[in-house]
Every structure is written in structure tokens, then in C-alpha cells.
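Each residue of the sequence shown is one higher than the last, beginning at 1 in my numbering. Ideal Cβ placement from N, Cα and C applies to all residues, glycine included. Please read all numbers here as calculations on a predicted model, not as lab measurements. Let me begin by presenting the structure, written as C-alpha cells, before commenting on it.
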Amino acid sequence: MLISQENKQLAPTAGDDASQSTTSTKIAIPPPPANQVTLLYKNTTIKAPTKPSNLRGKGLYFNFAELKDMAAAMEEGFGEANWSTDRVHSLSRRSESARVIPITTSNRTSEEDGADYIATSAADLGGGELNPQDAWLPLTESRNGNTISATLHLLCSGIGIQALLLPVALATLGWAWGIICLSLAFSWQLYTIWLLIHLHESDSGTRYSRYLDLAMTAFGQKLGKFSSLVPVMYLAAGTCVQLIIIGGGTLKLFITTVCKDGATCDAKSLTTVECFLVFMIMAVVVAQFPNLNSLAWVSLIGSITAIAYCTMIWALSIGKGRGHNVILEIQGTLPLSPKHPTHKPMWRGVAISYLLIAMCLFPLAIAGFWAYGNKVPSSNGGLLIAISKFHGHDTPRIVLGLMFILVIINCLSTFQIYGMVIFDKLESNYTSKKKKPCARWLRMAFRVFFGGMTFFAAVAVPFLGSLAPLMGGLTLPLAYAYPCFMWIAIKKPKPKGVMWCANMGLGCLGLVLSALLVVAAAWNLASKGLHANFFKP
Numbered sequence: 001m002l003i004s005q006e007n008k009q010l011a012p013t014a015g016d017d018a019s020q021s022t023t024s025t026k027i028a029i030p031p032p033p034a035n036q037v038t039l040l041y042k043n044t045t046i047k048a049p050t051k052p053s054n055l056r057g058k059g060l061y062f063n064f065a066e067l068k069d070m071a072a073a074m075e076e077g078f079g080e081a082n083w084s085t086d087r088v089h090s091l092s093r094r095s096e097s098a099r100v101i102p103i104t105t106s107n108r109t110s111e112e113d114g115a116d117y118i119a120t121s122a123a124d125l126g127g128g129e130l131n132p133q134d135a136w137l138p139l140t141e142s143r144n145g146n147t148i149s150a151t152l153h154l155l156c157s158g159i160g161i162q163a164l165l166l167p168v169a170l171a172t173l174g175w176a177w178g179i180i181c182l183s184l185a186f187s188w189q190l191y192t193i194w195l196l197i198h199l200h201e202s203d204s205g206t207r208y209s210r211y212l213d214l215a216m217t218a219f220g221q222k223l224g225k226f227s228s229l230v231p232v233m234y235l236a237a238g239t240c241v242q243l244i245i246i247g248g249g250t251l252k253l254f255i256t257t258v259c260k261d262g263a264t265c266d267a268k269s270l271t272t273v274e275c276f277l278v279f280m281i282m283a284v285v286v287a288q289f290p291n292l293n294s295l296a297w298v299s300l301i302g303s304i305t306a307i308a309y310c311t312m313i314w315a316l317s318i319g320k321g322r323g324h325n326v327i328l329e330i331q332g333t334l335p336l337s338p339k340h341p342t343h344k345p346m347w348r349g350v351a352i353s354y355l356l357i358a359m360c361l362f363p364l365a366i367a368g369f370w371a372y373g374n375k376v377p378s379s380n381g382g383l384l385i386a387i388s389k390f391h392g393h394d395t396p397r398i399v400l401g402l403m404f405i406l407v408i409i410n411c412l413s414t415f416q417i418y419g420m421v422i423f424d425k426l427e428s429n430y431t432s433k434k435k436k437p438c439a440r441w442l443r444m445a446f447r448v449f450f451g452g453m454t455f456f457a458a459v460a461v462p463f464l465g466s467l468a469p470l471m472g473g474l475t476l477p478l479a480y481a482y483p484c485f486m487w488i489a490i491k492k493p494k495p496k497g498v499m500w501c502a503n504m505g506l507g508c509l510g511l512v513l514s515a516l517l518v519v520a521a522a523w524n525l526a527s528k529g530l531h532a533n534f535f536k537p
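Dropping the structure here:
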């Protein structure tokens, strides 16, 4: 392999035999004034215009330093099987001095410098993404993430609105079984997250940055879509709807608390629907960040507020007497190289974040159940409604108001992570048909459209929280069963070996639990009835 500053291909050096010269990789790097670089890999010529105006929409991206690293890695024997172009898939924004080059591939010879380029997928280069449009999509547009950003995303999405309903589970199961089941579910979820993290990168270098892509690879296209498409989209969109209901409802609680005496403001100044609308508008404004990796600061704020309000709630409770369908998407923001696989920093992020999540959720569940028993409402709000109802009269309004503000901010931050899954799907449909990236105005339009749809759903079905056990049972296999079957289908462990038996057993148990939860939730709705207040939040 040869690297030269001349804008031409170099002949093999002395000592190279003919076979070596036909299979070696030659990279011709032009001097700085040149406007093109040619990379010959196997029999494929890659031509790279270097004009900044051509950076967007050209597919794969390289910079000069990374081209050299890639060449060195291939020289050392990583070869085609393990070489992934995803190491240099995203634009390098680390240094203004780095020359970033969009790469397209051509089946023409290197002498046809003036010919038009024909774009192909990263798979043609020996690895990368399944989707050739991934450089245009919000989940995979930026690959500059790290352990810290992954930890923040996991914290923000992990300590969510489900934390407010944990005491309900203990009230149903009791102290002993409640804590045992909560601990087992937490450990089980950590194990399936470990499986997903190690399934993110295939042996050929392909990255599965979306749960649906991994499901279709493991189960086949038809079965993968059937088993995962609707649950994944429901979890993302349904969570955003629920966040509008919780966030808007908390905004209403905040106004009612602050204006309780009517001296400074009118507690009825905003209706519940108007509070939903205000929250949705704020969420859409924040949603203008271009990609998931750019949301790191938003996730930082969301993580801080989540830890703060969880601490305040369980402290107040003692003093006064969910998902991981975004794991692969978060891991997709991390850079990849043959020497630095993404599963190591991702697992560090999971370990840190889930330690903090456990420190928040377990005290919240135990303190909430100890203080309120079975009086915690299972509908929207959970512990927030319980605190406001039982201790609103003897708790300083500034404390309650601060807690409500923290919940609102956390809901806004969490909305962005789950909403990004839907934004990515909308843009993927567009880019697949048009073969070009979304314009900025179209991205904004998609986000406004999704915000409007979730607002309509929140107003139309404000009792969505009452259906949470039923829908949770239907989507439970995504977290507890499917990853185990995916591991067996993709990794192909020895039949009846330890990993095969463990994953087969946990996968089947997850499906059984899912069926039992659906039956129990349906029976509960049939016996107690459902207060279906359509369009009456």
C-alpha cells in the first residue's frame, strides 16, 4: 500500500510481486490546491471533490488524517472483512483545519477524471451502514459522540415519566415481591442491553443503528417488520404523546399552585388543552436540533432535572409520611474504527447511567409506596398528583413550583430523544424516494407536522396513561425477548450451549410474560372499566 502527495497512482515498489500489486490498495492524495482525491480500493475507484459547497449530500465522508489511518489499518491486516468505512462516515468537526472530503464511488477508471460520479452504498467499500442515505439522516448524520454523550442520552430517556408510576407496581405486588420483581426486571434489562450493544456491529463491519434494521437482519424482512415496526414506532410516538400529556398537565399544576390564592394571577388563565399546546410549541422549538448527537446539551439538562425531581419527590414522600428501544440509535452516534469498536464506550455509558438510574428509581419506588401506599393514581402524573393532592396545603409553593418546573423541562428534553426516532423515519422515507437529503425547511416541516399530530393525539386520547399496562405488555418483547432471539439468529451460538440456552429461555419467558401482562391488563379494563374522556383532557 502506498500513500503519495502526487495526484496520480503509484507503481508497486521493488519487492512487490504481481499478485500483490493487483490486490493492494493505493491512495493518491493530491496537494492542498487540488480539487480531487482518487482512492483505488480493489477494482473500485473513489473520487472525492474537496469543494466545501459539495459537502452535503455526497454520501460518505473522509478527511486526510483518517484516510492515512484507514490505509495503515488495512496494511496491518484488518482487510476487507473487518474494515468499516463508518470510522470516517461522518463529517469531522473536531478541527477547522481538517480537510473534509465527501466521497462518491464510480465504476469508471481513474483516468476518467471528468466523468460524472455514480454514488453507491458503504457496503461496496467493505462495510458500513445498511442504508446508503445514513449520512443524511438525523440519527446517523453525526458520528462524533462519546461515552459522556451516550450516558446523558441514556439518563435522560431512562429516568422518565415511568418513574412517577413505580409505587403503583409495589402497591400491586407488595413489598417483598415488588422489590424482587423490580430488581429482576432491572437486571434482565441490563443483560438485553448488553446483547444489543454487541449486536450493533456485525463481523463484516456493518452497523445496525436502528432497532428495526437489526430485527429485519435477524428475523428476515417480513417477520422483522411485523414484529418490530409498529411496537418501535408506537413506543417513540406514544411516549411523545404521553410526554405532552404529562408535561402539559404538570404545567397546569404549576399554574394552579402558583396562583392558588388568586392574588397574583388567575389559576384558570390557561385550560388544560392550552397547556398541552404551550408544551407542544416549546417541544417543537427545541426539536430544531439537526441530529441526535447535537442533543447532548439538551440531554444534560434533562438528566440533571430528572435526578433533581426524583430526589425531591422521594424526599418529600419520606418527609411527609422505559426504553430501551433507543439503545442502538444512541450507539449509532459513536465513531467506529477497527481498533476502537463502539461497544466499549457504549457499555461504559450504560454502566454509569444505569447506576444513577437505579439510585433514583429504587428510592422513588420505595419511598412513594411507603408514603402513599395504594393511593398513588395509576393515571397520568402518578406521584405528582399524589403529592399535590395530599401535601399541596402544607408544602411551600416554591418547592412544589420548582419540582413542577423540573418535570416540565425533563419532559421537553426526553421528547427530543424519542421524537428523533420518528424524525429519522420520516426523513428516511423521503430520502429513499428522492435520493437526496432533506432541505432545512423540510426538516422543520416534518418536526412541526409531528408536533401537531402528537398534540392532536394528546387532546383526543388524554386517557392514554390508563392503557399503559396493555400497551406495555404488547411492546415488552422489544426489551426482554427479541434481543435474546436476535443474538441466537445472528451470533449462532452452539446449540444447547450456555448462551443458547440462556437466551432461548429468557426470550421465551419474555414472550410468556408479555402474553400474561396483556391478558391481565385487558381483564382489569373489562372489570373496572375505562374512563374514555375523548377530547376532554
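Spanning the alpha carbons of glycine 349 and leucine 516 requires a straight line of approximately 33 Å.
DSSP, reduced to helix, strand and coil, places threonine 454 within a helical segment of the structure shown. Annotated three-state conformation of threonine 206 is strand, per DSSP.
Annotation for glutamate 329: the continuous alpha helix (DSSP H) segment containing it runs 327–331.
Collapsing the DSSP output to three states places histidine 343 in a helix. Assigned with DSSP and collapsed to three states, glutamate 427 falls in helix.
Note on proline 437: 16 or more other CB atoms within 10 angstroms of its CB, so buried under the neighbour-count rule. Sequence-distant partners of serine 514 (beyond 5 residues in either direction) whose C-beta falls short of 6 Å from its own C-beta, in its chain, are Gly473, Leu476, Pro477. Between glycine 302 and cysteine 181, the C-beta gap is not smaller than 8 Å, which leaves the two residues out of contact. The continuous alpha helix (DSSP H) containing alanine 479 extends over residues 468–480. Burial check for valine 230: the Cβ neighbour count within 10 Å stays below 16, so the residue is exposed.
Listed in chain order, the non-local C-beta contacts of alanine 522 below 7 Å within the same chain comprise Leu470, local neighbours out to five positions each way being set aside. If you draw a straight line from the Cα of serine 294 to the Cα of methionine 420, it is about 11 Å long. If you look at serine 388, you'll find it in the alpha helix (DSSP H) that goes 383–391. Secondary structure at glutamate 274: helix, using DSSP grouped into helix, strand and coil. Taking 8 Å as the cut-off, the beta carbon of proline 138 is found closer than this to the beta carbon of phenylalanine 423.
Between arginine 447 and glycine 465, the alpha-carbon positions lie close to 24 Å from each other. Its Cα nearest to that of serine 299, the residue Thr151 stands out among Thr151, Val407, Ile405.
Within the same chain, Cβ atoms closer than 6 Å to the Cβ of leucine 426 are found at Phe446, the five residues on either side in sequence being excluded.
Across the set Ala439, Met499, Tyr309, Ile387, the C-alpha of Ile387 shows the shortest separation from the C-alpha of threonine 257. Annotated as distal: histidine 391 and leucine 328, with beta-carbon spacing of 8 Å or more. In the DSSP annotation of this structure, the continuous segment of the alpha helix (DSSP H) that includes proline 167 starts and ends at 166–173. Excluding residues up to 5 positions away in sequence, Ile244, Gly451, Phe455 lie with their Cβ nearer than 6 Å to the Cβ of methionine 280 in the same chain. With the rule of 3 Cβ pairs closer than 8 Å, the region 476–491 counts as touching the region 194–212. In the DSSP assignment, glutamate 201 forms a beta bridge with Arg207. Taking C-alpha positions only, leucine 336 is separated from methionine 346 by approximately 11 Å. Proximity to proline 377 across Ala163, Cys275, Met453 peaks at Ala163, based on C-alpha coordinates. As computed with DSSP, serine 337 is found in a beta bridge with His340.
Annotation for arginine 397: Thr257, Val258, Lys260 place their beta carbon closer than 8 Å to its own, counting only its chain and skipping 5 residues before and after. Non-local C-beta neighbours of phenylalanine 535 in its own chain, meaning closer than 7 Å and more than five positions away in sequence, comprise Val459, Ala460, ordered along the chain.
The residues Val376, Ser378, in chain order, have a CB closer than 6 Å to that of valine 168 in the same chain once the five nearest residues on each side in sequence are set aside.
Contact annotation: valine 232 and leucine 212 have beta-carbon atoms nearer than 8 Å. Per DSSP, glycine 373 lies in no alpha helix (DSSP H) segment and is marked neither H nor E.
Within its own chain, the residues whose Cβ lies closer than 6 Å to the Cβ of phenylalanine 485, once the five positions on either side in sequence are excluded, are Gly507, listed in chain order.
Secondary structure note for histidine 153: its alpha helix (DSSP H) is the uninterrupted segment 147–158.
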